[in-house]
Amino acid sequence: MPYGFAPFSPPPLLSRRAILGIFGSGFATFAAPQNARAQDASRDITLGLTPVFLNNDLELLAALKTYLELSVGQPVKLVLRRTYEEITSLLVSGQLDAAWICGYPFVAFRNQLELVAVPVWRGKPLYQSYIIAGTGNAAASIAELRGGAHAFSDPNSNSGYLVTAALLAEQGARPEGFFGRVFFTYGHRNVVRAVASGLADSGSVDGYVWEVMTAVEPAMTANTRVVRKSEWLGFPPIATTRTAMARGEVQALRRGFVRMAESAEGQRVLKLLHLDGFAEEPPALFDAISAKADLVKRLG
Amino acid sequence: MTRFTLRASEWPIAIKVPLLVMLLMLAISFVITNTVLTRLAQTQERHLQTLSRAYLDGLGGTLLPHILREDVWEVFDTLDRARSVYAGLNAVTTIVLNPAKRVIAASDPKAFPTGQAVTPDLLAGLGVDGRLLIDEDKGTARMLDAVRLQGQAVGSVYTELDVSALMAERRSVLWQLIATNALLTLFLMAAGTWAVRRMLRPVRTLGSVLDRGSDGPVEIIPDAQLGSATSEFGRLFRRYNAMARAANERLHLAESLAEKERLASLGRLASGMAHEINNPLGGLFNALDAVKRYGDRESVRESSVRLLERGLNGIRDVVRATLMTYRQPDEPRSLKRDDIEDLQYLVQPALRQKDLTIDWRNDLGSDLPLPAAAVRDTVLNLLLNACAVSPEGGLVSLTADADAHSFEISVGDCGPGMPDAYRAFLENGSAASGPMKSGAGLGLWMVRRLLDASGGSANIEAGPAGTTIRLTLPFEREASRHVA
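As given, the protein sequences belong to chains W and H, one line each in that order. Here my numbering is used: position 233 in the first sequence is 233, and no number is missing along the way. For any residue, its number in my numbering is found by taking its place in the second sequence, counting from 1, and adding 1000.
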C-alpha cells in the first residue's frame, strides 16, 4: 500500500504542473537490462512510487528526492505509475532498484522480493483498512452495506481491496456479488471522493490515508464515516528484488530510509508523510495479509 | 386658450407636441428595447451555445474511452474535474448516459444514481444534437449530445446549465432601458412643452390682438412686443401692424366716404326738393296773380285759395321731410311712423324722373326703440337704389311692419337683380370688409353697418320680376345702443 506519487494522467492527487516537473527532471520510464545497470555505479538509482494521497505532492517528491540523494550520494529518480500492477511489474522485472509497494503485491511475489524498509506510523509498522460510508448512511456493519455501490481503490491494494474481499470470502461471498456494483478508483483519495459525493454507498480505504486526510483536509472526509476498521496489518513496505538486495546502492537506499529521522531533511520528509520513520522488519509482518490473499484465492 | 376638450383636434399645440413626443418616444423605446433585448438574447444564446458546445466536445473526447468501458469512476472523475475547469458555464447537472439511456455517472450521483434510467421528463424536448433548450421561467438551459465513435453513438451527455444570471441580466437591461427611456421621454416632453410654449408666445400675442380687434378698429401690436426685426415673428408682426394700419385707414376712409355720400344724397335731395317746391310755385304765383286781378270774384278767390293751400301743403311736407333728414342724430330718438312716411316725399323726384309707381305700405303704429336717423338713412338709400335700378315705368314697393321684438322693412324693385357679391356682402358680410368704392355699393355698405351695429339681418329675394331686400332689426340691442 504505497503512498507514493501520482500516476500519469490526471492524477487525483498530483497537479499537471507536478507531473511536468517530475518528467522534466528526467524519470526513467524504461530500464536498461539489470546486469548492465549493476555494472554502472554512476547511474541513477530508480525508486518506484504508487498513487499518493497528499496534496503537496510536488513538495514531498522534491523533499524525498533531495533527502535520498544526500543520503545515498548518488542521483535518485522517482518513477510514478497509475496502478500498483504497473509498478509491481517494473520492480519484479528488475527495471526498478526498489519500489514503495503494497503488502498484497509483496506477499504475491514473496519469493522474488525482499523488504528494504517498512514505514512506522504512530509507533508501529502497522496500519488498518477502513470500510467507509456516507454520513447519511446509518450502516453499523458491512452486512448492512449489501446491495449498494462500493468503491475499491486498486485490485492489487491490500487495504483498498484485499481486506474487504477476504472479509466477504469468510462468508463465502465475492464483492461483485455482495455489493450491487463495484468499481475501482485507483487511489485511496478517490475512494473517499466517490463515497463523499454519493457515487458509491461505501468504499474500502487505507486507514492511514483516511486519518491523515481527516487531519490535513477535514472537508474531504467530512461526508464520510468509518463503518468498520480491520485488524492491524503490515504497513505498505519498500521492497526490492532478491537479486538486487545485495547491491550497494540498494543497501545505501535502505540505510537512507532507516536513518531518515536522523537528519533535518529526513525529518521534513517524515513530517510531510505524517510518519514516525522507517524500520527494518521481518517478512513475517505480512503473514496476515498473505493469509487473506490465500483465502480470497481459494474462493476463486 | 388652454381650455381642455375631448376632441384631440382642438387641443392646444402646446399639449399636442409633448404628447406627440411621448408617443414617438414610446414607439422608439419599444422598438429599441425590443431590438436590444432580442440582440442580447441572441448574443447570450450564441455564447452559451458556443461555450456549452466546447464543454460537451471537451467532455466527450475525454469521456469516450470511459464510456466505452462504462468506467463509473473515471466518468465521474472527469465530470467532477470539469466542474472547476468550466466553472463559468454554471453547469448544475451533467449526466453521462449509456445507449440505453441509463446513468453511467452524474455530477450529482445522489440525484442520479449510477445504473438508473433517467425520467423521460428530464430529456423532454431534447434532440441528441447538442442544441440548447432554454427555459426562461426556470432559468435553465438543457442539452443532450451524443458521444460518437466511428459514427456510432456509444453514449450521450446531458447537461443542465444555470442561466438565471443571464436572465437576470436581460431583466436588468430591460429595466434599465425602461428607466432610461422614461426619463428621456419625460425630459423631452418637458423640453417640448417649454420650447413650444416659448415658440408660440408670438402666436398668442397675435391671436389676442386679433380677438380684440374683431369688432371695430384693428389693434396695433405695441413696439415692446415686436421683437427683433429679423426674426420670423418680428417680420410677421411688422407686416401685421402695417396691414392693421391700412385696415384702420380703410375703415376711416369708408366712414368719410359714407359721410360724403350722405351729403351727396342730401344734395340730390335738396335739388329734388327745390324742384318739388318750384313746381307748385308757378301755380301759387298764378293763383296769387288771379287773386290780385280777380280777387273780387268769389269763385276765383275760392279756387285760388284752395290752390294756394294745396301748393303750400305740398311745400310744407317737403320741407318737413327735409328737416327730419337733415337733423343731426346727436340724440338718438325713437323711430316714428312718420320717419318712414316722410320718405315718400323724398323719393318723389326720383320716381317722377323715371315715371315709376310706388306701392307704399307703412303699417307702423307706436314708436319703436330704434335709431330713427340711421334707419331713415338706410331706408332712403334702399329706396333711391330701387329707383335707380328699376326701368322706366316700373314699380317700386315698400313694406314696413313691426311686431313685439323687431322692425321689418322690405324694399322691392323691378330691376335686373343684384350682383352676387353685393348680395353675399349684405346677407353675410361685415362692414369692415365690404365694397367701398363711391357710387358702387357704398349705400350697401351703410346698410350693412346698420345691421352690424343693431344685430339685424338682411334677406334678399331675387326673382325674374325684380329684387326684394328685407331688413329685420331687433329691438333689444337697439334699446340701449347708440348708432352713429
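Note that the Cβ used here is the ideal one computed from N, Cα and C, for glycine as well.
* Can you give the Cα-Cα distance for threonine 83 of chain W and phenylalanine 183 of chain W, rounded to whole angstroms? -> 14 Å
* To do: Using a Cβ-Cβ cut-off of 7 Å, state whether lysine 1110 of chain H counts as contacting chain W.
  => Closer than 7 Å to some Cβ of chain W, the Cβ of lysine 1110 of chain H qualifies, so yes.
* At 8 Å on the CB atoms, spell out the chain W contacts of threonine 1114 of chain H, in chain order. => Among the residues of chain W, those whose CB is under 8 Å from the CB of threonine 1114 of chain H are Ala149, Arg181, Leu199, following chain order.
* Asked: Comparing alpha-carbon positions, which option in H/Arg1198, H/Gly1394, H/Leu1236, H/Arg1337 lies nearest threonine 1357 of chain H?
  -> Considering only alpha carbons, the answer is H/Gly1394.
* To do: Name, in chain order, the residues that DSSP records as bridge partners for serine 1156 of chain H.
  => H/Leu1097, H/Ala1146
* Asked: threonine 224 of chain W CB to nearest chain H CB: under 7 Å?
  -> no
* **Under 9 Å by beta carbon: chain W residues contacting alanine 1100 of chain H** => Residues of chain W passing the Cβ test: none, with the nearest at roughly 16 Å.
* Assigned secondary structure, alanine 149 of chain W (DSSP; H/G/I helix, E/B strand, else coil) -> Secondary structure of alanine 149 of chain W (DSSP, three-state): strand.
* Per DSSP, which one or two residues make a beta bridge with proline 344 of chain W? -> Only positions 1 to 300 of chain W appear in this structure, which leaves residue 344 of chain W out of reach.
* For the alpha helix (DSSP H) containing tyrosine 104 of chain W, list its first residue and its last residue. => 103-108
* Asked: For alanine 1440 of chain H, which residues from the same chain have a beta carbon less than 8 Å from its beta carbon, with the 5 sequence-adjacent residues on both sides left out?
  -> Note that alanine 1440 of chain H scores 48 on pLDDT, short of 50, meaning its location in the model is unreliable; the coordinates nonetheless yield the value given after this. Excluding positions up to five away in sequence, the list is empty.
* To do: Starting from the Cα of aspartate 1145 of chain H, find the closest Cα among H/Asp1359, H/Gly1127, H/Val1218, H/Thr1378 and give me that residue.
  => H/Gly1127
* Using 10 angstroms around the beta-carbon of alanine 1421 of chain H, count the other beta-carbons present and answer buried if the total reaches 16, otherwise exposed. => exposed
* Asked: Going by the CB atoms, is the gap between isoleucine 45 of chain W and valine 249 of chain W shorter than 7 Å?
  -> It is worth fixing the name first, because residue 249 of chain W is glutamate in this sequence and not valine. Cβ atoms of glutamate 249 of chain W and isoleucine 45 of chain W: closer than 7 Å.
* To do: Would you kindly check if the distance between the Cβ of alanine 194 of chain W and the Cβ of histidine 150 of chain W is under 7 Å?
  => no
* Asked: What's the C-alpha gap between alanine 31 of chain W and leucine 113 of chain W?
  -> Per-residue confidence for alanine 31 of chain W stands at a pLDDT of 38, beneath the threshold of 50, marking its modelled position as unreliable; no derived number is given.
* Asked: Buried or exposed: alanine 1388 of chain H, going by 16 or more other Cβ atoms within 10 Å of its Cβ?
  -> exposed
* Sufficient close CB pairs (3 or more, under 8 Å) joining the region 160-169 of chain W to the region 127-145 of chain W -> yes
* Answer with buried or exposed for glycine 1207 of chain H, where buried requires no fewer than 16 other C-beta atoms within 10 angstroms of its C-beta. => exposed
* Determine the DSSP secondary structure at arginine 301 of chain W, reduced to helix, strand or coil. => Beyond the ends of chain W as shown, which are 1 and 300, falls residue 301 of chain W; an answer cannot be given.
* Contact list for the region 1062-1077 of chain H against chain W, Cβ threshold 8 Å -> Cβ contacts with chain W come from Asp1071, Val1072, Trp1073, Phe1076, Asp1077.
* 6 Å CB neighbourhood of valine 1203 of chain H in its chain, flanking five on each side removed -> none
* Cβ separation of alanine 1106 of chain H and threonine 1094 of chain H, assumed to be a contact under 8 Å, to the nearest whole Å -> 7 Å
* By the criterion of Cβ-Cβ separation under 8 Å, what are the contact partners of alanine 1082 of chain H in chain W? -> In chain order: nothing, as chain W lies at least about 11 Å away.
* Asked: Below 8 Å, can you find three or more Cβ-Cβ pairs linking the region 102-118 of chain W to the region 276-296 of chain W?
  -> Flag = yes, the region 102-118 of chain W and the region 276-296 of chain W touch.
* To do: Could you check if proline 1416 of chain H is buried or exposed, using at least 16 other CB atoms within 10 Å of its CB as the buried criterion?
  => Counting the other Cβ atoms within 10 Å of the Cβ of proline 1416 of chain H gives fewer than 16, which makes it exposed.
* Own chain, CB closer than 8 Å to alanine 63 of chain W, minus 5 neighbours either side, in chain order -> Glu265, Arg268, Val269, Leu272
* To do: Let me know the secondary structure DSSP gives isoleucine 289 of chain W once reduced to three states.
  => helix
* To do: Please go through the same chain and pick out, in chain order, the residues whose beta-carbon is closer than 7 Å to the beta-carbon of isoleucine 1340 of chain H, but skip the five residues on each side of it.
  => Asn1362, Leu1364, Val1379, Ala1400
* Kindly indicate which three-state DSSP category alanine 1404 of chain H falls into: helix, strand or coil? => coil
* Near leucine 167 of chain W, what residues of its chain come up, given a Cβ to Cβ distance below 6 Å and the 5 sequence neighbours on each side ignored? -> none
* To do: Reducing DSSP to helix, strand and coil, say where valine 1319 of chain H ends up.
  => helix
* Measure from the C-beta of threonine 221 of chain W to each C-beta in chain H and report whether the shortest distance is under 7 Å. => In terms of beta-carbon proximity, threonine 221 of chain W stays away from the interface with chain H, with every pair separated by 7 Å or more.
* Asked: Is DSSP giving glutamate 1070 of chain H helix, strand or coil here?
  -> coil
* Within 10 angstroms of the Cβ of aspartate 1057 of chain H, are there 16 or more other Cβ atoms? Answer buried if so, exposed if not. => It is exposed - the Cβ of aspartate 1057 of chain H has fewer than 16 other Cβ atoms within 10 Å.
* Does the region 89-100 of chain W come close enough to the region 235-246 of chain W to have 3 or more Cβ pairs within less than 8 Å? -> yes
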